[in-house]
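Student: One structure follows; several queries about it will come next.
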Amino acid sequence: MPTIKERDREVIWHPYTPMKAWPEAIAIVRGEGVYLIDEDGNRYIDAMSSWWVNLHGHSHPYIAQKVSEQLLVLEHCIFAGFTHEPAVRLAERLLEILPQGMRKIFYSDNGSTAVEVAIKMSLQYWNNKGIKKKKLVALQNAYHGDTFGAMAVSGRSIFTEAFSDQLFDVDFIPFPGEGAGEESIAALESLLQKGETAAFIAEPLVQGSAGMCMYNPEVLEQYFRLCKKYNTLIIADEVMTGFGRTGPLFACDHIQTAPDMVCLSKGLTGGSMPLGITACTQDIFDAFYDDDRTKMLYHGHSFTANPTICAAALASLDLLLMDTCTENRARIIKEHAAFAESIRTNPSVATIRQTGTIIAIELKTDTPSYHSSLRDVMYRFFLDKKILIRPLGNIIYLLPPYCITNEELNYIYDCIREFLIGKNPDL
Ligand SMILES: Cc1ncc(COP(=O)(O)O)c(C=O)c1O
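If you're matching positions, the sequence shown starts at 296 in the numbering used here and goes up one per residue.
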């Protein structure tokens with residue numbers, strides 16, 4: 296009998312995978328809390344929440360129960376001209392907790408589509424009002440997804456290189472890293488002053504794919520205030536940062552000024568199923584509310600607001616809003632901070648940074664890029680230790696499900712220390 300991974304090799308093309316160099320995928324047959332269990336019985340700690348989606352652990356029985364109940368009632372129905380309780384209830388509950396000013400929820404399928412919708416809303420908003428604002432501003436090295444609009448507002452990189460001629464023009468401002476906040480804010484202001492910018496889009500506080508690059512809430516606050524001053528819409532891409540990753544429920548909760556649109560996905564269903572949301576203000580909705588049908592938003596997907604997936608999201612919200620989840624996040628934040636202190640002066644560590652439950656360790660290397668030679672060495676090292684970490688180049692990061700225990704965290708920390716020592720045998 297061929298194994299799953301042998302059969303896989305015949306028929307599957309995996310995402311973000313150099314198929315020639317990595318012909319073999321690990322076949323997972325079961326998920327249980329923070330563990331992914333493969334066909335040989337190996338148990339891997341999912342230290343990156345399966346691409347940042349999982350909040351409460353794999354195959355959570357409560358989410359599974361709510362999903363199976365919903366499947367027997369209404370598995371799916373068209374969402375144009377029809378509606379259903381799970382979608383309405385989820386919208387009501389999200390609007391209660393989202394940053395202030397959000398009034399409407401537009402459903403789509405994933406993070407990229409949530410961003411596409413926000414881009415379309417921004418451009419058409421001004422078009423519908425008869426005002427010529429067509430430019431978008433984004434941060435250098437941003438990542439907002441893999442569809443064309445989302446790629447256009449993402450930093451130009453190896454991810455987008457093959458399509459560079461097809462991507463529309465976007466103005467990029469410098470990333471506001473250590474000491475670069477003022478320059479970045481000034482760059483934004485000089486662009487906004489021209490009066491041509493439809494919207495500014497950013498990953499608030501943490502740029503995920505760029506390497507878990509972090510910046511101060513004060514900078515985010517300044518960006519948002521400038522956008523208000525110059526009448527530019529703000530898109531907060533909380534696809535990764537949403538649902539508690541940075542501590543509070545949303546990264547925008549760290550500041551006072553609210554965005555005009557918030558994009559959500561990943562943790563929205565606790566990581567159990569794909570769903571995207573673009574939340575927006577009443578003002579944006581009103582710009583499309585017209586007798587003139589050319590002003591409506593021409594966007595939708597076959598599975599928009601799928602009730603089964605909405606049921607998963609509602610169940611995940613129940614778990615997220617429990618005190619135990621808040622306490623778990625606070626515990627992870629504390630553990631990460633203590634670990635960061637313990638390795639801060641390690642000679643192999645270039646920088647170590649933390650925002651909420653996300654910690655990133657940048658290692659010294661001669662090849663500091665996404666394709667750093669260290670990357671594959673680290674990936675293999677941690678897999679051998681039965682830990683799933685996907686380093687971003689020379690950057691190791693942890694972004695665990697909130698149910699991870701201190702014991703599991705300490706095992707991961709110890710393995711990271713072991714790797715650092717191995718890299719410097721004279722330590
Ligand atoms: C900030 C951000 N926006 C958008 C996306 C795209 O989400 P998806 O992979 O669900 O299309 C990602 C994915 O990593 C992301 O991190």
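Just so you know, even glycine gets a beta-carbon here, dropped at the ideal spot from N, CA and C.
For ligand 1, which residues count as neighbours when the test is a C-beta closer than 5 Å to any heavy atom?
Tutor: N405, G406, S407, H439, G440, E498, G503, D532, V534, M535, S560
Student: According to DSSP, simplified to helix, strand and coil, what is M397?
Tutor: The sequence position of residue 397 within the sequence shown is 102, counting from 1. Three-state DSSP puts M397 in a strand.
Student: Which two residues bound the contiguous beta strand (DSSP E) that contains E657?
Tutor: Within the sequence shown, residue 657 is the residue found at index 362, counting from 1. Here the beta strand (DSSP E) through E657 covers 653-658.
Student: Would Q365 and P569 qualify as a contact pair, given that the criterion is a beta-carbon distance under 7 Å?
Tutor: Position 70 of the sequence shown, counting from 1, holds the residue named residue 365. Position 274 of the sequence shown, counting from 1, holds the residue named residue 569. It is not a contact, given that the beta carbons lie outside the stated cut-off.
Student: On the three-state DSSP scale, how would you describe H549?
Tutor: Stepping through the sequence shown from its first residue, residue 549 is reached at position 254. Three-state DSSP puts H549 in a helix.
Student: For a test of the three-state rule: what should DSSP assign to F463, helix, strand or coil?
Tutor: Working through the sequence shown from its first residue, we reach residue 463 at position 168. Residue state, collapsed to three classes: coil.
Student: Would you kindly work out how many angstroms separate the C-alpha atoms of L434 and V368, rounded to a whole number?
Tutor: Within the sequence shown, the letter at position 139 stands for residue 434. Within the sequence shown, the letter at position 73 stands for residue 368. Distance between the alpha carbons of L434 and V368 is about 44 Å.
Student: State the CB to CB distance for the pair K681 and R338, rounded to an integer number of angstroms; the pair is presumed to be in contact (CB under 8 Å).
Tutor: As a first step, residue 681 must be located in the sequence shown, where it is residue number 386. As a first step, residue 338 must be located in the sequence shown, where it is residue number 43. About 6 Å; that satisfies the 8 Å criterion.
Student: How many angstroms separate the CA atom of S611 from the CA atom of P695?
Tutor: By one-based count along the sequence shown, residue 611 stands at place 316. By one-based count along the sequence shown, residue 695 stands at place 400. Taking the straight line joining both Cα atoms gives about 16 Å.
Student: For the beta strand (DSSP E) that G571 lies in, which residues bound it at each end?
Tutor: Numbered from its first residue, the sequence shown carries residue 571 at position 276. 571-576 is the span of the beta strand (DSSP E), which, as asked, contains G571.
Student: Can you find the residues in the same chain that come closer than 6 Å, C-beta to C-beta, to V432, ignoring five residues on each side of it along the sequence?
Tutor: For this step, residue 432 is matched to residue 137 along the sequence shown. For V432, where only same-chain residues beyond five positions count, the Cβ hits under 6 Å are D466, L486, T492, F495.
Student: So, at 8 Å on beta carbons, what are the nonlocal neighbours of S668 in its own chain, with the 5 sequence-adjacent residues on each side left out?
Tutor: Taking the sequence shown and counting its residues from 1, one reaches residue 668 at position 373. If we look at S668 and ignore the five residues flanking it on each side, its Cβ neighbours are T660, T662.
Student: Excluding the 5 residues preceding and the 5 following H594 in the sequence, name in chain order all residues of the same chain whose CB lies nearer than 7 Å to its CB.
Tutor: To locate residue 594, count along the sequence shown from 1; it is residue 299. Cβ neighbours of H594 beyond the five flanking positions: V412, K415.
Student: What's the C-alpha gap between G406 and I530?
Tutor: Within the sequence shown, residue 406 is the residue found at index 111, counting from 1. Within the sequence shown, residue 530 is the residue found at index 235, counting from 1. Cα to Cα, the separation comes out at about 13 Å.
Student: Give the list of continuous beta strand (DSSP E) stretches no shorter than 3 residues that lie fully inside the stretch 652-705.
Tutor: 653-658, 690-693
Student: Just to check my reading of the structure: M343 and R685 have Cβ atoms closer than 8 Å, yes? What is that Cβ distance to the nearest angstrom?
Tutor: Residue 343 sits at position 48 when you count from the first residue of the sequence shown. Residue 685 sits at position 390 when you count from the first residue of the sequence shown. So it is a contact: roughly 6 Å between Cβ atoms.
Student: Taking only three categories from DSSP, how would you classify C372?
Tutor: What you label residue 372 is simply residue 77 of the sequence shown in a count that begins at 1. Here C372 sits in coil by DSSP.
Student: I need the DSSP call for K718, collapsed to helix, strand or coil.
Tutor: The residue given as residue 718 occupies position 423 in the sequence shown. Reduced to three states, the DSSP call for K718 is helix.
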